[in-house]
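Engineer: In the UniProt record's numbering, the protein residues as written are 1 to 295. One structure, as structure tokens, below. Some questions next.
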DNA sequence: TAGCCGTGGCA
DNA sequence: TTGCCAAGGCT
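The structure is reproduced here in structure tokens:
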């Protein structure tokens, strides 16, 4: 029997065994979780840590257990319930996503990656995550954790190269077990490994199930030598901070917030206007009689 | 396509 | 304290 290029994935075997033994018990991984529950979790987890998502996710699904139930309320209710998860446009997109599912998919979350990609707020990562985790479709799921795990374990680099969709998907595909069940587990397990062991800072290599085959470890942990990502802009004093202050006010209010009230939120009037205009353009705020409200 | 978009915890 | 980081997506 000839050797084939797509190796039989000793990595996946070890990572899956570790995952089955020690994965965090997250509710959206429970067998009974609905596809909609998976969708909601994926929206909330976009750039927001698990610990902050957990309570919000449970409350959200109790209130809106189906896409149709969310689609039936104004989008502003979704934005208000989003509370302080951050990036409130995600709440708007999740609501729009629910409307589209209700109107164009009979209220059923699609299983097809291309149909998922067509939905608001669903990009390359989320589409594959929903297909894989909600429906068991054998597709590679690549997020920042997976990219880091593969960069280290397979490529022997401290950090992944800048994202390149085709290459990243191919790299994950090369490790993905042929069996659909094992593939689904590995998609979750690789992410979990990156989230709790193979972390960006201070990886816990002594707890790693694939330390023995890790290329980065074998190479002596060489430092990253590629291009640096642009540093995140300072938040304090930024437009983002001002937008956050305005949104907090709109969420708390049940009658229109006036210009005078907004003026008390921030000393720089020009910046305040710029932030408000941005929120209006994004559809996160709307002009009402005498002020502004959630949509 | 690079910049933008919230919020909070941690080192 | 300051900067980095966190299951991305949109324009």
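Glycine included, each C-beta is placed from N, C-alpha and C at the ideal position.
Quick one: is residue 104 buried, meaning 16 or more other Cβ sit within 10 Å of its Cβ, or exposed?
Structural biologist: When all chains shown are included, residue 104 counts as exposed.
Engineer: Excluding the 5 residues preceding and the 5 following residue 189 in the sequence, name in chain order all residues of the same chain whose CB lies nearer than 6 Å to its CB.
Structural biologist: So the list reads 15, 16, 19, once near-sequence residues are dropped.
Engineer: DSSP three-state label for residue 244, please.
Structural biologist: Here residue 244 sits in helix by DSSP.
Engineer: So, for residue 243: in the same chain, excluding its five sequence neighbours on each side, which residues have a beta-carbon less than 7 Å away from its beta-carbon?
Structural biologist: Excluding positions up to five away in sequence, the list reads 275, 278, 279.
Engineer: Applying the 10 Å Cβ sphere with the 16-neighbour rule, what's the burial state of residue 71?
Structural biologist: That one is buried.
Engineer: Who are the Cβ neighbours of residue 7 in its own chain at under 6 Å, not counting the five residues just before and after it?
Structural biologist: Summary for residue 7: the model assigns pLDDT 49, below 50, so the residue's position carries little reliability; its value from the coordinates is reported in the next sentence. Same-chain partners within the cutoff: there are none.
Engineer: Going by the CB atoms, is the gap between residue 27 and residue 64 shorter than 8 Å?
Structural biologist: No, Cβ-Cβ distance for residue 64 and residue 27 is not below 8 Å.
Engineer: Would you report the Cα separation of residue 175 and residue 144, rounded to the nearest angstrom?
Structural biologist: The alpha-carbon atoms of residue 175 and residue 144 are separated by roughly 16 Å.
Engineer: Would residue 237 be called buried (16 or more neighbouring beta carbons within 10 Å of its own) or exposed?
Structural biologist: Its Cβ having fewer than 16 others within 10 Å, residue 237 is exposed.
Engineer: Suppose the cutoff is 7 Å on Cβ atoms and the five residues either side in sequence are ignored; what does the same chain contact list for residue 110 look like?
Structural biologist: Excluding residues within five positions, the ones whose Cβ falls inside 7 Å are 116.
Engineer: Ordered along the chain, which non-local residues of its own chain (more than five positions away) have a Cβ less than 7 Å from that of residue 44?
Structural biologist: The residues are 53, 56, 57, 85.
Engineer: Reducing DSSP to helix, strand and coil, say where residue 135 ends up.
Structural biologist: Residue 135 falls in the helix class under three-state DSSP.
Engineer: Residues in the same chain with beta-carbon distance under 7 Å from residue 137, minus the five sequence neighbours each way, listed in chain order, please.
Structural biologist: Excluding positions up to five away in sequence, the list reads 111, 131.
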